[in-house]
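Those letters in the sequence shown? Residues -22 to -1, 1 to 317, by mature numbering (1 follows the signal peptide of the UniProt record, and there is no 0). The next block holds one structure in the form of structure tokens; read it before the comments.
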Amino acid sequence: MFKRSLIAGIALAAAAALPAVAQQKITLKLSHFLPPVHGIHTDFIEPWAEDLKQCTDGQVDVQIYPGGTQMGGVASQQEQVMAGVVDIAHGLHGIPRGRFPRTSIIDIPFLVADAGVASRTLWTLYPEYLKPEYRGLKVLALHAHNGGVIHTRDTKVTSMDDLQGLRIRTPSPAVSMMLEELGAEPVGMPPGQVYESLQKGVIDGTVFPWDPVKSFRLDEVLDYHLDGGVYTVSFFFVMNQRKYDSLPTDVRGCIDSLSGDALVARFGDWWDKWDQAGLDAVKAQGNEIAELSDEERARWREKLQPMINRYLESLKAQGVENPQEIYEAAQKYVSEFSN
């Protein structure tokens, strides 16, 4: 009798423990390369993490490692999430170069200058054209920034003639080729090194949208800005696929509901807000802002067309069988989403 009672007691205790096991706390590590003051962190990453916690009734906590922390290096985001060092990462496609040749087509000059349009285009291209570049990853979002600006320290730039010989920081291979074709000397460099490099004269300028001018305090070391909207650069928000697959069904459902179409659709408005903060910082410094004239834009288009053709051709050596087809599909979606 005592043995039967003991066994029954153990069974009841085990049954009572089952819900606790099912609701065991989950901690996910999320890294990105931008400073905690950037809108990516304050408007996107932190709220996304909090929304995931709320959606899972507190079951999931997200530990965030921004730029400047041990996991915040721009060149290591894809590598970290693939290896499971972090579970989720937000990174820049162009650093390190060569890992996302299909996706890099969005960086081609004069393709798109609007963050919302560029982001929707990337997300639409992903299933058919870009997916092979993300094996082992659960892609939560792809997005891009608004048209980039050429920022310089001592030299006012309003034309390609003014760019001759200037050392300009570059974020991706396509933008590097663009700068070189226009007469500048592209210098690959993580965003976090730009302030000091400008201050010390290692580089003469940089290409960024407006937003990093505030978040990296670049208004302090820049004097001139050419707003041309000639190119964009893209980013990934991805999760380790094995980690995603290991999560309870309801947690995966929460992640899915906070990602994909609904998330991608927000980047246009977000980037407009972030860019405005950078532009306001520049104006407050009294820096000089110029716009690319229609005549000069036409010169750049003509000058850069051979470079665009070479870039697309170069992607074949990187295993992209149909770069022209992807480029034409991107042009089509950009046109559709711009109307």
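Note that beta-carbon positions come from the ideal geometry of N, C-alpha and C, so glycine has one too. Note that the coordinates shown come from a computational prediction; the quantities given were computed from them, not determined experimentally.
Distance from the Cα of residue 234 is smallest, within the candidate group 292, 72, 43, 118, for 118.
8 Å or more divides the Cβ of residue 292 from the Cβ of residue 81. Taking each of 160, 31, 99 in turn and checking the Cα distance to residue 284, the smallest one comes out for 160. Rounded to the nearest whole angstrom, the CA to CA distance from residue 112 to residue 220 is 13 Å. Counting only the Cα atoms, residue 238 lies some 26 Å from residue 255. Note that the C-beta distance between residue 182 and residue 136 is not below 8 Å.
Taking residue 288 as reference, the option from 243, 301, 297 with the minimal CA-CA separation is 301.
Less than 8 Å divides the Cβ of residue 189 from the Cβ of residue 253.
Counting only runs that start and end inside the stretch 143 to 229, the beta strand (DSSP E) elements of at least 3 residues fall at 145 to 148, 163 to 166, 183 to 186, 202 to 205, 212 to 218. In the three-state reduction of the DSSP assignment, residue 134 falls in the coil class. Within the same chain, Cβ atoms closer than 7 Å to the Cβ of residue 38 are found at 4, 6, 30, 31, 229, the five residues on either side in sequence being excluded. Between residue 40 and residue 8, the C-beta gap is smaller than 8 Å, which places the two residues in contact. A distance below 8 Å separates the beta carbons of residue 100 and residue 122.
Sixteen is the threshold: since fewer than 16 other Cβ atoms of the shown chains lie within 10 Å of the Cβ of residue 227, the residue is exposed.
Beyond the five residues adjoining it in sequence on each side, residue 267 comes within less than 7 Å, by CB distance, of 203, 205, 260 in the same chain, given in chain order. Only exposed fits residue 48, as fewer than 16 other CB atoms lie within 10 angstroms of its CB. Residue range 301 to 316 is occupied by the alpha helix (DSSP H) that includes residue 308. Proximity to residue 167 across 73, 277, 298 peaks at 73, based on C-alpha coordinates.
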